[in-house]
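In the UniProt record's numbering, the protein residues as written are 1 to 399.
Now the structure itself:
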């Protein structure tokens with residue numbers, strides 16, 4: 001059995017075009033072939049998790065069955081009861097597989113967990129989001145088939161973007177009219193070609209061509225040097241173009257299937273500050289963390305009156321949010337340092353915005369100050385991604 005990873009080689013795109021063609025024809029004529037869509041999804045999941053990765057396929061099947069049963073149980077419970085401890089238990093159970101996968105390498109000499117598979121984090125985010133919205137009463141009906149389609153939606157299964165159940169269900173249940181669908185196809189073609197340029201041209205240039213040269217010079221010079229800092233800029237460009245390219249492919253495929261999956265990036269390198277950056281970078285992930293962790297934690301602290309200062313509560317929320325994000329990426333010092341750096345950057349950004357609001361007459365606002373803000377934000381975020389890359393570990397620990 002062959003194994004082809006999503007959006008990595010020409011064969012995948014050829015199979016994708018062939019597989020999506022009947023779906024496209026059906027939607028143009030106002031029909032959604034749900035059975036065929038399911039079969040195509042299964043086929044591409046087999047391509048992704050078959051062959052040498054068959055064990056990941058088994059893990060995916062077990063994971064999906066477990067999470068579906070968990071969602072069904074909590075939904076039925078929530079119709080009559082609303083105990084906080086039961087809600088917390090449901091969330092904990094939902095993230096247990098991910099926690100096991102994340103912690104296994106730490107305790108088992110860098111071995112991968114047998115429960116792991118490509119995309120488990122993003123599927124977990126979807127499930128936890130559903131449980132929280134069931135708790136809030138926003139999801140009023142449980143449809144096992146639609147929930148299954150939502151969880152294993154193959155265009156986004158490996159790395160997102162992270163969709164929300166209610167938004168997905170509305171698209172899945174309603175077929176766009178021909179005029180709207182033609183516009184979706186036009187966007188899909190645009191995103192497809194833009195994704196090719198990002199992932200296979202620009203990401204290749206920065207990641208495969210430029211980065212080895214910069215890294216070699218940084219290691220040769222040893223310690224802090226201009227080449228170490230340059231690595232941060234090259235890595236930032238490689239990461240952005242590679243991930244943004246993948247996300248564009250996922251969104252384009254979704255559009256062809258009549259699902260308007262949200263975009264993941266919105267020109268993050270022209271952000272005016274760190275907060276603006278996180279509203280543009282990996283948006284579905286940052287919005288998920290904002291809505292389901294930060295906002296709920298701050299609301300909980302306000303409700304329990306833990307602190308009188310809203311500024312202090314916001315700062316605690318930032319520290320908690322970005323440290324969780326750091327640990328989610330991995331249990332290494334540079335991921336934790338990255339999370340701490342981002343939290344401090346957000347706290348400083350908030351403090352500066354409060355200061356500007358109080359002293360508007362003292363602080364000029366013009367094209368020069370805007371350009372400087374963009375320049376400063378760009379450099380701050382590239383330095384943070386230098387930390388995130390782990391290259392400092394190579395320079396100062398391993399080397």
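We put the beta carbon where it would ideally sit given N, CA and C, even for glycine.
It should be emphasised that the depicted structure is a prediction, and the values quoted were computed from it without experimental measurement.
Determine the extent of the alpha helix (DSSP H) in which residue 55 is found, giving its start and end residues.
By one-based count along the chain shown, residue 55 stands at place 55. Residues 54 to 78.
With 16 other Cβ atoms within 10 Å as the buried cut-off, status of residue 356
Along the chain shown, one-based indexing puts residue 356 at 356. Counting Cβ neighbours within 10 Å, residue 356 comes out exposed, since fewer than 16 surround it.
Give the range of the alpha helix (DSSP H) segment to which residue 227 is assigned.
Start at 1 with the first residue of the chain shown, and residue 227 comes out as number 227. Looking at the DSSP string, the run of the alpha helix (DSSP H) that includes residue 227 is 226 to 256.
Might you give, ordered along the chain, the residues of its own chain that have their beta carbon closer than 6 Å to the beta carbon of residue 249, omitting 5 neighbours on each side?
By one-based count along the chain shown, residue 249 stands at place 249. 7 and 195, listed in sequence order.
Evaluate the contact criterion for the segment 224 to 238 versus the segment 375 to 392: three or more CB pairs, one atom per stretch, below 8 Å.
yes
Between which two residues does the alpha helix (DSSP H) harbouring residue 214 extend?
The sequence position of residue 214 within the chain shown is 214, counting from 1. Looking at the DSSP string, the run of the alpha helix (DSSP H) that includes residue 214 is 211 to 221.
Check whether the Cβ atoms of residue 339 and residue 326 sit closer than 8 Å, and answer yes or no.
Here the question's residue 339 lines up with position 339 in the chain shown. Here the question's residue 326 lines up with position 326 in the chain shown. In contact: residue 339 and residue 326 (Cβ atoms closer than 8 Å).
Once you ignore the five residues that flank residue 259 on each side, which residues in its own chain have a CB closer than 6 Å to its CB?
By 1-based counting over the chain shown, the position of residue 259 is 259. These residues qualify, in order along the chain: 171.
As a quick exercise: from 302, 276, 251 and 257, pick the residue whose alpha carbon is nearest that of residue 264.
Residue 264 sits at position 264 when you count from the first residue of the chain shown. Comparing Cα positions, the closest option is 251.
Between the alpha carbons of residue 57 and residue 104, how many angstroms are there, rounded?
Numbered from 1 along the chain shown, position 57 holds the residue referred to as residue 57. Numbered from 1 along the chain shown, position 104 holds the residue referred to as residue 104. Linking residue 57 to residue 104 through their CA atoms gives a straight-line distance of about 19 Å.
C-alpha distance - residue 4 paired with residue 50, whole-angstrom precision:
For the purposes of this step, residue 4 is taken as the residue at position 4 of the chain shown. For the purposes of this step, residue 50 is taken as the residue at position 50 of the chain shown. Taking the straight line joining both Cα atoms gives about 8 Å.
If you pair each beta-carbon of the segment 166 to 185 with each one of the segment 141 to 154, do three or more pairs fall below 8 Å?
At 8 Å Cβ cutoff, the stretches touch.
What residues in its chain sit with their C-beta under 7 Å from that of residue 246, if we drop five residues either side in the sequence?
For this step, residue 246 is matched to residue 246 along the chain shown. Cβ neighbours of residue 246 beyond the five flanking positions: 7, 159 and 199.
With a CB to CB cut of under 8 Å and the five nearest residues on each side skipped, what residues in its chain are close to residue 407?
A question about residue 407 goes unanswered here, because the residues of the chain that appear run from 1 up to 399.
Segment contact, 8 Å Cβ cut-off, at least three pairs: the segment 170 to 189 with the segment 113 to 125
no
Cβ-based neighbour list, residue 138, same chain, cut-off 7 Å, excluding 5 preceding and 5 following:
Position 138 of the chain shown holds residue 138. Counting only residues of its own chain and dropping the five nearest sequence neighbours on each side, residue 138 has a CB closer than 7 Å to the CB of 166.
Please report the residue range of the alpha helix (DSSP H) in which residue 25 lies.
In the chain shown, counting from the first residue as 1, residue 25 sits at position 25. Note, residue 25: alpha helix (DSSP H), 10 to 28.
Once you ignore the five residues that flank residue 98 on each side, which residues in its own chain have a CB closer than 8 Å to its CB?
Residue 98 sits at position 98 when you count from the first residue of the chain shown. Around residue 98, the same chain offers 120, 121 and 124 as residues with beta carbons nearer than 8 Å, after the five sequence neighbours per side are excluded.
Determine the closest residue to residue 337 out of 217, 349 and 324, with distance taken between C-alpha atoms.
For this step, residue 337 is matched to residue 337 along the chain shown. Comparing Cα positions, the closest option is 324.
Closest by CA to residue 212, which one among 283, 224, 230 and 201?
One-based indexing of the chain shown puts residue 212 at position 212. Among 283, 224, 230 and 201, the Cα nearest to that of residue 212 belongs to 230.
Could you have a look at residue 268 and say whether DSSP puts it in helix, strand or coil?
Residue 268 sits at position 268 when you count from the first residue of the chain shown. Residue 268: helix per DSSP, three-state reduction.
Taking contact to mean 3 or more Cβ pairs, one atom from each stretch, closer than 8 Å, check whether the segment 37 to 49 and the segment 19 to 27 are in contact.
yes
I'd like to know whether the C-beta of residue 22 is nearer than 8 Å to at least one C-beta of chain D.
Considering every chain present, this structure includes no chain D. It has just one protein chain.
Return the chain-ordered list of same chain residues with a C-beta closer than 6 Å to the C-beta of residue 181, the five sequence neighbours on each side being excluded.
Position 181 of the chain shown holds residue 181. Closer than 6 Å at the Cβ level, and outside the excluded window around residue 181, lie 27.
Report buried or exposed for residue 343, applying the criterion of at least 16 other Cβ atoms within 10 angstroms of its Cβ.
Counting from one through the chain shown, the residue named residue 343 turns up at place 343. With 16 or more Cβ atoms within 10 Å of its Cβ, residue 343 is classed as buried.
Enumerate in chain order the residues of its own chain whose CB-to-CB distance from residue 154 is below 7 Å, with the five nearest sequence positions on each side excluded.
If you number the chain shown from 1, residue 154 lands on position 154. For residue 154, where only same-chain residues beyond five positions count, the Cβ hits under 7 Å are 41, 44 and 45.
Three-state secondary structure (DSSP) at residue 7?
The residue given as residue 7 occupies position 7 in the chain shown. Residue 7 falls in the coil class under three-state DSSP.
Terminal residues of the continuous alpha helix (DSSP H) containing residue 190?
On the chain shown, position 190 is the one that residue 190 refers to. That run of the alpha helix (DSSP H) goes 178 to 197.
Would you grab the beta carbon distance between residue 78 and residue 135 for me? Rounded to a whole angstrom, and I think it's under 8 Å.
Residue 78 sits at position 78 when you count from the first residue of the chain shown. Residue 135 sits at position 135 when you count from the first residue of the chain shown. Taking C-beta atoms under 8 Å as the contact rule, residue 78 and residue 135 qualify, at a distance of about 7 Å.
Cα-Cα separation, residue 207 to residue 201
In the chain shown, the residue the question calls residue 207 occupies position 207. In the chain shown, the residue the question calls residue 201 occupies position 201. Looking at the two C-alpha atoms, the distance is approximately 10 Å.
Residue 244 to residue 220, Cα distance in whole Å?
Within the chain shown, the letter at position 244 stands for residue 244. Within the chain shown, the letter at position 220 stands for residue 220. Rounded to whole angstroms, residue 244 to residue 220 spans 32 Å at the Cα level.
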